[in-house]
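Under this note's numbering, residue 119 is the last one in the sequence shown; the count climbs by one each step, no gaps.
Beta carbons are placed, not taken as given, at the ideal position from N, Cα and C, and that holds for glycine.
Remember, predicted model here, so these are calculated numbers, not experimental data.
Take a look at the structure set out below.
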Amino acid sequence: MKAVLSVFGVDQVGIVSKVTALLAEHGFNILDISQTIVGNYFTMIVIVEHEDDGFKLEDVVDSYTELGESLGLDIRMQHAALFDRMHHI
């Protein structure tokens with residue numbers, strides 16, 4: 031199962047470390063990652079994969095929302111297929 035994680039907000043120390051630690055805790059493998067800082071704003075998109083066919087993304091999505099709230103960031107995770115459909119012209 032592939033998923034897309036997006037992170038947006040004011041730049042601060044430790045964003046990448048905290049987000050990737052949570053991904054590892056949930057058993058995700060990072061397939062691709064891109065981050066940019068424009069002015070004082072941080073943006074990161076991470077493509078991840080989970081090898082467990084029975085894994086349910088819905089079971090962990092709240093963890094990323096809560097992490098975002100604790101850091102003052104907008105962190106969202108969704109299935110890659112849904113992300114692709116939403117952004118296909």
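At the C-beta level, valine 91 and methionine 74 stay beyond 7 Å of one another. Valine 43 is classed as exposed because its beta carbon has fewer than 16 other beta carbons within 10 Å across all chains shown.
A contact between stretches requires three or more CB pairs, one per stretch, nearer than 8 Å, and the region 80–89 fails this requirement with the region 61–70. One thing to note: leucine 53 has its Cβ no nearer than 7 Å to the Cβ of valine 37. DSSP places glycine 44 outside any alpha helix (DSSP H), giving it a letter other than H or E.
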